[in-house]
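Novice:
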Amino acid sequence: MFTLDEGFADRVFAYCRERLALDPVPLDFGSVRGLSPRHLDGFITTDGRSPDDVLEMFIRELAEHVISTDSSKFLAFIPNAPTKASLLFDMVVACSGLNGTSWLESAGAVVAENHTLEFLARTAGMPAGSGGAFVSGGTIANLSALTVARDIGAARHPEIDRHRLCVAVSEESHSSVGAALHILGLEAFVVPTSDHRLTRADLVAAMSGNPQAANIIAVVATAGTTNAGIIDDLEGLGEFARSQGLWFHIDGAYGGAGILSDRLAPRLTGIRHADSFVIDPHKWLFAPLDCAGLLYREPHLARAVHTQHAGYLDVLHAAPDTPEWNPSDYAIHLSRRPRGLALWFSLATHGTTAYARAIDAGLDLAQYAADAIHRCSATKLLRVPELTNVLFTRHGWTTEDYQRWSTSLLERQIAFVAPSVWEGEPCGRLSFLHPDVPLSVIDNIVATLTEPEF
Ligand SMILES: Cc1ncc(COP(=O)(O)O)c(C=O)c1O
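Our numbering applies: residue 66 is where the sequence shown begins, and numbers increase by one.
(1) Any chance the CB of Ile-315 is under 7 Å from a heavy atom of ligand 1?
(2) Within this structure, are the beta carbons of Ala-480 and Lys-138 separated by less than 8 Å?
(3) Give a yes or no on whether the C-beta atoms belonging to His-228 and Gly-243 are separated by under 8 Å.
(4) By DSSP's criteria, Ser-496 is part of a beta bridge. Which residues make up the other side?
(5) Can you check whether the CB of Ala-288 is closer than 8 Å to the CB of Leu-333?
(6) Give the secondary structure of Cys-81 by DSSP, where H, G and I count as helix, E and B as strand, and everything else as coil.
(7) How about Leu-163 and Arg-368: are their beta carbons less than 8 Å apart?
(8) Following the continuous beta strand (DSSP E) through Tyr-361, name the residue where it begins and the one where it ends.
(9) Please state if the CB of Ala-253 and the CB of Val-269 are separated by a distance shorter than 8 Å.
(10) Within the same chain, show all residues whose beta-carbon is closer than 6 Å to that of Thr-464, passing over the 5 residues directly before and after it, in chain order.
(11) So which of Asn-145, Met-156, Gly-95, Asp-155 has the shortest CA-CA distance to Glu-126?
(12) Taking 7 Å as the cut-off, is the beta-carbon of His-247 closer than that to any non-hydrogen atom of ligand 1?
(13) Report the residue ranges of all alpha helix (DSSP H) runs contained in full by the segment 191 to 264; include only those spanning at least 4 residues, in chain order.
(14) For Val-131 and Pro-503, I'd like the C-alpha separation in whole angstroms.
(15) Which residues does DSSP pair with Ile-109 in a beta bridge?
(16) To the nearest angstrom, how far is the alpha carbon of Gln-373 from that of Ser-167?
(17) Helix, strand or coil: which one does DSSP assign to Phe-342?
(18) Gly-165 and Glu-178 look like a contact to me (Cβ under 8 Å); what is the Cβ gap, rounded to whole Å?
(19) Do the segment 435 to 447 and the segment 317 to 336 touch if we need at least three Cβ pairs shorter than 8 Å?
(20) Among the candidates Ser-136, Asp-297, Gly-303, Gln-309, whose CA atom is the shortest distance from the CA of Ala-279?
(21) Contact between the segment 396 to 410 and the segment 469 to 484 is defined here as three or more beta-carbon pairs at a separation below 8 Å; is this criterion met?
(22) If you follow the beta strand (DSSP E) that Leu-446 is in, where does it begin and where does it stop?
(23) By Cβ distance below 6 Å, which residues in the same chain neighbour Thr-204 in space, the five residues on each side in sequence not counted?
(24) Let me check understanding here. Comparing Cα to Cα, which of Thr-472, Leu-514, Pro-392 lies closest to Leu-169?
(25) Closest to Ile-282 by C-alpha separation, out of Asn-275, Thr-264, Ile-217, would be which residue?
(26) Would you mind giving the Cβ-Cβ distance between Asp-451 and Ile-295, rounded to the nearest angstrom? I have them listed as a contact below 8 Å.
(27) From the DSSP output, read off the bridge partner residues of Gly-317.
(28) Evaluate Ile-438 with the Cβ neighbour count: other Cβ atoms within 10 Å of its Cβ, from every protein chain shown; 16 or more gives buried, anything less gives exposed.
(29) Spatial neighbours of Leu-100 within its chain, please: C-beta separation below 7 Å, excluding the five flanking residues on both sides.
(30) Below 8 Å CB to CB, which residues in the same chain sit around Ser-171 once its five sequence neighbours on both sides are set aside?
(31) Alpha carbon to alpha carbon, how far is Arg-494 from Ala-435? Give it in angstroms, no decimals.
(32) Given the structure, does Thr-291 come close to ligand 1, in the sense that its CB is under 7 Å from one of the ligand's heavy atoms?
(33) Relative to the C-alpha of Asp-93, which residue among Arg-84, Ser-133, His-104 is closest?
(34) Should Met-528 be labelled buried (16 or more other beta-carbon atoms within 10 Å of its own) or exposed?
(35) Within this structure, are the beta carbons of Ala-352 and Val-343 separated by less than 8 Å?
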């Protein structure tokens, strides 16, 4: 098991090479072609099989049931669009079996991850000394950050009943924020907004005269809401939160990448106020799954909350005079792969100008799609896109119609799109991140919206 079969390694590398060279990358089918959940029954045996047979099973029978994240036709949810460099370097991380848990084990990997995190913090306007770790996704990043917010809030406000601590959020906050509050035993103080964008004025109005407001210990703002791509009033909310001694968390899992774009950065300056900030490279920074950056303004606060203690781990923390930085100390995790390295490699390879251009390309594609939908007689554009998500309705369609349309587009390999809901009504939604979506793909999608069979 621990001896390399050179011939088989060559065949795996050949497959990787072939996969990486696909142009265009085929969308593939996910579950629409039907895959039995029992497809692999009996496949793992006591004596094993030839590795070629197992590889063949993956290539011939499984791979096409996975929609390609690197296809430019992936326009559902918030897509991923990993660069070739990031995919290649992820392979290096895998083949080297790299660990990213602690300074003791992995200083070389931690240096590269922290260099990348520092770059992101600096670009976002966070103060020198900000830092954190890469975690598996925005969900764990939000949970980890809000755990620190809870403990710091409880310590700063001993007068508040620990079971009554509240966090101010908006209705557009990501579902993972609600899940985190539930896990952490925190209550959501949901601030009504006039147009889905959370502002300082909304927060102040909601708190005024509301006795629950006295229990608020943190404010969550979103830099790019998931459904419509709205950037909250980060400056106003941040200034207010700081003036009130409240923890200010910014969920920029999706839109945080805008810090690299001259077109978006002016709307993200409020990140300088953040106590914690989340940015998902596996979304708009073109890294492979799974990779979210979690940054704290004062990392020592997170370290006090998240460091795990056990006799066998003492050695990791035994050297106070070294520059030790254990990524495991800054989130809810211990053993981890250095998932930030794929981003580090790609960023260092391509440079930030290429990233800014790729981010801006997503903005342009969304605008092109919005214009096409606006012109189409069968559809109505629901909002002018702020980022790269385009919401629209097709006159007369029900939830089932959007679902049939989505399935049909995938079956015909036109695109992968997923329906959504806006203001209680079903709608269509296109989400652009891959910078090379051909305009013909958008034209084809819009053309299907007038097809008589729907
Ligand atoms: C704003 C926002 N926050 C958090 C998340 C959750 O991120 P992940 O899927 O990486 O856990 C998402 C996912 O789309 C998001 O858009």
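Positions of the beta carbon are idealized from the N, C-alpha and C atoms, including for glycine.
Specialist: In terms of the structure at hand:
(1) As a first step, residue 315 is located in the sequence shown; it is residue number 250 there, counting from the start. Every heavy atom of ligand 1 is 7 Å or more from the Cβ of Ile-315, so no.
(2) Numbered from 1 along the sequence shown, position 415 holds the residue referred to as residue 480. Numbered from 1 along the sequence shown, position 73 holds the residue referred to as residue 138. Against a cut-off of 8 Å, the Cβ pair of Lys-138 and Ala-480 comes out as a contact.
(3) Indexing the sequence shown from 1 puts residue 228 at position 163. Indexing the sequence shown from 1 puts residue 243 at position 178. In this structure, Gly-243 does not lie closer than 8 Å to His-228 by Cβ.
(4) What you label residue 496 is simply residue 431 of the sequence shown in a count that begins at 1. Ser-496 is bridged to Asn-454.
(5) As a first step, residue 333 is located in the sequence shown; it is residue number 268 there, counting from the start. As a first step, residue 288 is located in the sequence shown; it is residue number 223 there, counting from the start. Taking 8 Å as the Cβ cut-off, Leu-333 and Ala-288 qualify as a contacting pair.
(6) Counting from one through the sequence shown, the residue named residue 81 turns up at place 16. Secondary structure at Cys-81: helix, using DSSP grouped into helix, strand and coil.
(7) Your numbering for residue 163 matches position 98 in the sequence shown. Your numbering for residue 368 matches position 303 in the sequence shown. No, they are not a contact pair.
(8) In the sequence shown, counting from the first residue as 1, residue 361 sits at position 296. Unbroken beta strand (DSSP E) run through Tyr-361: 357 to 361.
(9) Start at 1 with the first residue of the sequence shown, and residue 269 comes out as number 204. Start at 1 with the first residue of the sequence shown, and residue 253 comes out as number 188. Against a cut-off of 8 Å, the Cβ pair of Ala-253 and Val-269 comes out as no contact.
(10) On the sequence shown, position 399 is the one that residue 464 refers to. Once the five neighbours on either side are set aside, the close Cβ partners of Thr-464 are Pro-491.
(11) Locating residue 126 in the sequence shown gives position 61, counting from the first residue. Out of Asn-145, Met-156, Gly-95, Asp-155, Gly-95 has the C-alpha closest to the C-alpha of Glu-126.
(12) Along the sequence shown, one-based indexing puts residue 247 at 182. No, the beta carbon of His-247 sits no closer than 7 Å to any heavy atom of ligand 1.
(13) The segment 191 to 264 contains these whole alpha helix (DSSP H) runs: 203 to 221, 240 to 249.
(14) The residue you call residue 131 lines up with position 66 of the sequence shown. The residue you call residue 503 lines up with position 438 of the sequence shown. Taking the CA atoms as reference points, Val-131 sits about 22 Å from Pro-503.
(15) Taking the sequence shown and counting its residues from 1, one reaches residue 109 at position 44. According to DSSP, which records beta bridges pairwise, Ile-109 is partnered with nothing at all.
(16) Working through the sequence shown from its first residue, we reach residue 373 at position 308. Working through the sequence shown from its first residue, we reach residue 167 at position 102. So the alpha carbons of these two residues sit roughly 12 Å apart.
(17) The residue given as residue 342 occupies position 277 in the sequence shown. Correct three-state label for Phe-342: strand.
(18) Position 100 of the sequence shown, counted from the first residue, corresponds to residue 165. Position 113 of the sequence shown, counted from the first residue, corresponds to residue 178. Between Glu-178 and Gly-165 the Cβ distance is about 7 Å, and since that is below 8 Å, they are a contact.
(19) At 8 Å Cβ cutoff, the stretches do not touch.
(20) The residue you call residue 279 lines up with position 214 of the sequence shown. Among Ser-136, Asp-297, Gly-303, Gln-309, the Cα nearest to that of Ala-279 belongs to Gln-309.
(21) Because the criterion of three Cβ pairs below 8 Å is not met, the segment 396 to 410 and the segment 469 to 484 do not touch.
(22) The count along the sequence shown starts at 1 and reaches residue 446 at position 381. For Leu-446, the uninterrupted beta strand (DSSP E) run begins and ends at 444 to 446, by DSSP.
(23) Residue 204 sits at position 139 when you count from the first residue of the sequence shown. Within the same chain, Thr-204 has close Cβ partners Ser-241.
(24) In the sequence shown, residue 169 corresponds to position 104, counting from 1. Of the listed residues, the one whose Cα sits closest to Leu-169 is Pro-392.
(25) Counting from 1 along the sequence shown, the entry for residue 282 is found at position 217. It is Ile-217 whose Cα lies nearest to the Cα of Ile-282.
(26) Translated into positions along the sequence shown, residue 451 becomes position 386. Translated into positions along the sequence shown, residue 295 becomes position 230. Per the sequence presented here, residue 451 reads as Glu, with Asp not at that position. The beta carbons of Glu-451 and Ile-295 sit about 6 Å from each other, so the pair counts as a contact at 8 Å.
(27) Within the sequence shown, the letter at position 252 stands for residue 317. Ile-344, per the DSSP bridge assignment.
(28) Here the question's residue 438 lines up with position 373 in the sequence shown. Its Cβ being crowded by 16 or more others within 10 Å, Ile-438 is buried.
(29) Within the sequence shown, numbered from 1, the residue matching residue 100 stands at position 35. Closer than 7 Å at the Cβ level, and outside the excluded window around Leu-100, lie His-130.
(30) Reading the sequence shown from its first residue, position 106 is the one you call residue 171. Answer for Ser-171: Leu-163, Asn-164, Gly-165, Pro-403, listed in chain order.
(31) By one-based count along the sequence shown, residue 435 stands at place 370. By one-based count along the sequence shown, residue 494 stands at place 429. Between Ala-435 and Arg-494, the C-alpha separation is close to 10 Å.
(32) Along the sequence shown, read from residue 1 onward, the residue named residue 291 stands at position 226. Checking the Cβ of Thr-291 against ligand 1 gives yes.
(33) On the sequence shown, position 28 is the one that residue 93 refers to. If we check each option's Cα against that of Asp-93, Ser-133 comes out closest.
(34) The structure shown does not extend to residue 528, since the chain spans only 66 to 519, so no value can be given for it.
(35) Residue mapping note: residue 352 aligns to position 287 of the sequence shown, counting from 1. Residue mapping note: residue 343 aligns to position 278 of the sequence shown, counting from 1. Between Ala-352 and Val-343, the CB-CB gap reaches or exceeds 8 Å.
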